[in-house]
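Asker:
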Amino acid sequence: MRVNGPLTVDELVQQFGNSGSFGAGRLSTACDIYERMLRDDECTVFLGLAGALVPAGMRSLVADSLRENRIDVLVTTGANMVHDTIEALGGHHYKGHWAVDDLLLYKYHTYRIYDVFLPEEDFIRLDMKLTEMYDEIADENRGKRLSSREFAWELGKRLKDPQSVLRAAYEAQAPVFMPAVRDSEFGYIYNLHASRRNFKNTLLVDAFKDVNEIIRICRESERNGMIILGGGVPRNTIQSAALATKSGIDYAVVVTMDRAETGGLSGSTLEETVSWGKLKGAADKVMVPADAMIAFPLMVASVVERLGKNHKRAPRKKTESFRETINT
Amino acid sequence: MKKTKNADSEKFCGNCTSHNAYEYPTRVFCTRRFLKNKNPIVQTLWHCEDWIKNAQECYCVRDAKEKQKQPA
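If you read the sequences in order, they're chains X and F. According to my numbering, the residues represented by the first sequence are 12 to 339, in order. According to my numbering, the residues represented by the second sequence are 10 to 81, in order.
1) Report the rounded CA-to-CA distance for residue 276 of chain X versus residue 49 of chain F, giving the unit in angstroms.
2) Enumerated in chain order, which unbroken segments of the beta strand (DSSP E) with a length of 3 residues or greater are wholly contained in the stretch 267 to 310 of chain X?
3) Could you list the residues in the stretch 18 to 36 of chain F with a C-beta less than 8 Å from some C-beta on chain X, going in chain order?
4) Where does residue 59 of chain X sit, in a helix, a strand or coil, going by DSSP?
5) Looking only at DSSP bridge pairs, what is residue 43 of chain F linked to?
6) Taking 8 Å as the cut-off, does the stretch 102 to 118 of chain X touch the stretch 247 to 264 of chain X (at least 3 CB pairs, one atom from each stretch)?
7) Any idea what DSSP makes of residue 240 of chain X, helix, strand or coil?
8) Could you pull the DSSP bridge partners for residue 183 of chain X from this structure?
9) Leaving aside the five residues before and after residue 217 of chain X along the sequence, list all residues of the same chain whose C-beta is less than 8 Å from its C-beta, in chain order.
10) From residue 167 of chain X to residue 212 of chain X, what distance separates their C-alpha atoms?
11) Assuming residue 87 of chain X is part of the beta strand (DSSP E), what are its boundary residues?
12) With C-beta atoms as the reference, is residue 186 of chain X less than 7 Å away from residue 207 of chain X?
13) Name the DSSP beta bridge partners of residue 209 of chain X, please?
14) Anyone know if the C-beta pair for residue 74 of chain X and residue 179 of chain X falls short of 7 Å?
15) In chain order, which continuous runs of the alpha helix (DSSP H) of length 4 or greater are located wholly inside the stretch 136 to 204 of chain X?
16) Can you tell me the Cα-Cα spacing of residue 323 of chain X and residue 52 of chain X, whole angstroms?
17) Mind checking if residue 206 of chain X is an interface residue toward chain F, Cβ cutoff 7 Å exclusive?
18) Quick one: which chain X residues come within Cβ less than 8 Å of residue 145 of chain F?
19) Going by other Cβ atoms of all chains shown within 10 Å of its Cβ, with 16 needed for buried, is residue 190 of chain X buried or exposed?
20) Can you check which of these residues, X:302, X:183, X:111, X:174, is closest to residue 96 of chain X by C-alpha distance?
21) Enumerate in chain order the residues of its own chain whose CB-to-CB distance from residue 141 of chain X is below 6 Å, with the five nearest sequence positions on each side excluded.
22) For residue 279 of chain X, which of X:271, X:28, X:150 has the nearest alpha-carbon?
23) What does the Cβ neighbour count give for residue 273 of chain X, buried or exposed, with the cut at 16 atoms within 10 Å?
24) Can you list the residues of chain X that residue 54 of chain F reaches, using a CB-CB cut of under 7 Å?
25) In angstroms, rounded to a whole number, what distance separates the CA positions of residue 138 of chain X and residue 18 of chain X?
26) Just list the beta strand (DSSP E) runs in the stretch 79 to 130 of chain X, keeping only unbroken ones of 3 residues or longer that don't cross its boundaries, in chain order.
27) Who pairs with residue 262 of chain X in a beta bridge, going by DSSP?
28) Count the C-beta pairs between the stretch 76 to 88 of chain X and the stretch 235 to 253 of chain X that are closer than 8 Å, then say yes if the count reaches three, no if not.
29) Check whether chain X comes within 7 Å of residue 48 of chain F, counting only Cβ atoms and requiring the distance to be less than that.
30) For residue 287 of chain X, I'd like the list of residues in its chain whose CB is within less than 8 Å of its CB, leaving aside the five on either flank, ordered along the chain.
31) Mind listing the chain F neighbours of residue 117 of chain X? Cutoff is C-beta to C-beta under 9 Å, in chain order.
32) If we call anything under 7 Å between Cβ atoms a contact, is residue 264 of chain X one with residue 225 of chain X?
33) Does the beta-carbon distance from residue 132 of chain X to residue 68 of chain F come in below 7 Å?
34) Quick one: which chain F residues come within Cβ less than 8 Å of residue 135 of chain X?
35) Tell me, please, whether the CB atom of residue 328 of chain X is closer than 7 Å to any CB atom in chain F?
36) For a cutoff of 7 Å on Cβ pairs, would you count residue 103 of chain X as touching chain F?
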């Protein structure tokens, strides 16, 4: 590995590849696999987003990746999209510190996510604004059950901030699934919205409706690739869709700090995933034990550099049956 | 644990269980009023008949009182 002068991101990653060992080798392999996904016109690229990556600043990177078709389908925790919406509505995440008196933060109504601070005021403004949005969405849809993908687009349609992930997904018509949507402020806001309406004519988001949509996307794609940041429910959602199609995933990059020994999905090895049939035995795959806030931006920068400024990846093909699904 | 009314505390929206920060420290958001479709933004040093003491106090009341003392 040589660093003899100024290096571009991809030149550094190439040096990691020259080492080929430990985390450097794995990150280099992850970039190679992501490049192959993006050069494969028949591949649908899924990004699984878990952990507080949006509060830490990954919002614009994900939004740009959706707009530029470097991600075709986003599967995320509800919480990441809550924080995206907070910023879209004018709220902010602040650089704080991890070594603080948390009871003092509580007394000042300030929330902490490791070294990121968030004022409660911004959550309250979100609650008030989204309660209005929920009312509007419920009135427009009048009893129609929405998948989390439809719900995400309804929100994205109403957000004007171009840096917003939800806005970018809506503009790009890129599906965003939030399989655990109720396990976030979106769920609590539902309670506010429904209580104010005496639980009549409320917004209806149907988690099971997601299942058919995501399976259909997987099935109609010649090949499927996944990049997992963290793991959790988003990783399982993507993998389970691939299992349901009986075809398995073709390309896989998992960036996680979790370990396999506890039996939790986030740290489970990709070999374990093969045993379920969720990943092809011959899949192009690597697990990168790293902080996703470091690894993913490096991956994107490296691959964008390799592809060059003139490379334009076409949007994922919207098949007739998927159009039927989204119009149902 | 069920929250009970406590007659010993000074009654302010800023130490009521239904409050959240809105415009610290002078104004708070009241969930109870919001759920009743009333204006949820109230003065920190106001209170209503539904006041219930918050189990773990914040600095809203202390800082709102300090702010009140300051010349406009």
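Glycine residues also receive a C-beta, built at the ideal position from the N, C-alpha and C atoms.
Answerer: This is what the structure gives:
1) Here residue 276 of chain X refers to the residue found at position 265 of the first sequence. Here residue 49 of chain F refers to the residue found at position 40 of the second sequence. Going from the Cα of residue 276 of chain X to the Cα of residue 49 of chain F covers about 42 Å.
2) 290 to 300
3) 29, 30, 31, 32, 33
4) If you number the first sequence from 1, residue 59 of chain X lands on position 48. Here residue 59 of chain X sits in strand by DSSP.
5) To locate residue 43 of chain F, count along the second sequence from 1; it is residue 34. Paired residues: none, contrary to the question.
6) no
7) On the first sequence, position 229 is the one that residue 240 of chain X refers to. DSSP places residue 240 of chain X in strand when its eight states are reduced to three.
8) What you label residue 183 of chain X is simply residue 172 of the first sequence in a count that begins at 1. DSSP, once it has assigned bridges, lists no residue as partnering residue 183 of chain X.
9) On the first sequence, residue 217 of chain X is found 206 positions in, with the first residue counted as 1. Cβ neighbours of residue 217 of chain X beyond the five flanking positions: 156, 157, 158.
10) In the first sequence, the residue the question calls residue 167 of chain X occupies position 156. In the first sequence, the residue the question calls residue 212 of chain X occupies position 201. Approximately 22 Å between the Cα atoms of the pair.
11) Mapped onto the first sequence, residue 87 of chain X falls at position 76. Start and end: 84 to 87.
12) Along the first sequence, read from residue 1 onward, the residue named residue 186 of chain X stands at position 175. Along the first sequence, read from residue 1 onward, the residue named residue 207 of chain X stands at position 196. In this structure, residue 207 of chain X does not lie closer than 7 Å to residue 186 of chain X by Cβ.
13) Translated into positions along the first sequence, residue 209 of chain X becomes position 198. According to DSSP, residue 209 of chain X bridges with nothing at all.
14) Numbered from 1 along the first sequence, position 63 holds the residue referred to as residue 74 of chain X. Numbered from 1 along the first sequence, position 168 holds the residue referred to as residue 179 of chain X. Contact: yes.
15) 159 to 169, 176 to 183
16) Within the first sequence, the letter at position 312 stands for residue 323 of chain X. Within the first sequence, the letter at position 41 stands for residue 52 of chain X. Rounded to the nearest angstrom, the two C-alpha atoms are 11 Å apart.
17) Here residue 206 of chain X refers to the residue found at position 195 when the first sequence is read from its first residue. It does; some Cβ of chain F falls within 7 Å.
18) The structure shown has nothing for residue 145 of chain F, since chain F only spans 10 to 81.
19) Taking the first sequence and counting its residues from 1, one reaches residue 190 of chain X at position 179. Burial call: buried.
20) Position 85 of the first sequence, counting from 1, holds the residue named residue 96 of chain X. It is X:174 whose Cα lies nearest to the Cα of residue 96 of chain X.
21) Start at 1 with the first residue of the first sequence, and residue 141 of chain X comes out as number 130. The residues are 200.
22) The residue you call residue 279 of chain X lines up with position 268 of the first sequence. Of X:271, X:28, X:150, the residue nearest in Cα terms is X:271.
23) Taking the first residue of the first sequence as 1, we reach residue 273 of chain X at position 262. Classification for residue 273 of chain X: exposed.
24) Within the second sequence, the letter at position 45 stands for residue 54 of chain F. Under the 7 Å cutoff, chain X gives no residues; its nearest Cβ is about 16 Å from residue 54 of chain F.
25) On the first sequence, position 127 is the one that residue 138 of chain X refers to. On the first sequence, position 7 is the one that residue 18 of chain X refers to. Cα to Cα, the separation comes out at about 46 Å.
26) 84 to 87, 121 to 124, 127 to 130
27) The sequence position of residue 262 of chain X within the first sequence is 251, counting from 1. Its beta-bridge partners are X:236, X:295.
28) yes
29) As a first step, residue 48 of chain F must be located in the second sequence, where it is residue number 39. Not closer than 7 Å to any Cβ of chain X, the Cβ of residue 48 of chain F fails to qualify, so no.
30) Counting from one through the first sequence, the residue named residue 287 of chain X turns up at place 276. Correct list, in chain order: 250, 254.
31) By one-based count along the first sequence, residue 117 of chain X stands at place 106. Per Cβ cutoff of 9 Å: 65, 67.
32) Counting from one through the first sequence, the residue named residue 264 of chain X turns up at place 253. Counting from one through the first sequence, the residue named residue 225 of chain X turns up at place 214. Not closer than 7 Å, so no.
33) Position 121 of the first sequence, counted from the first residue, corresponds to residue 132 of chain X. Position 59 of the second sequence, counted from the first residue, corresponds to residue 68 of chain F. For residue 132 of chain X and residue 68 of chain F, no; Cβs fall outside 7 Å.
34) Counted from its first residue, the first sequence places residue 135 of chain X at position 124. In chain order: 29, 30, 31, 38.
35) Here residue 328 of chain X refers to the residue found at position 317 of the first sequence. Cβ-Cβ to chain F under 7 Å: no for residue 328 of chain X.
36) Walking along the first sequence from the start, residue 103 of chain X turns up at place 92. Not closer than 7 Å to any Cβ of chain F, the Cβ of residue 103 of chain X fails to qualify, so no.
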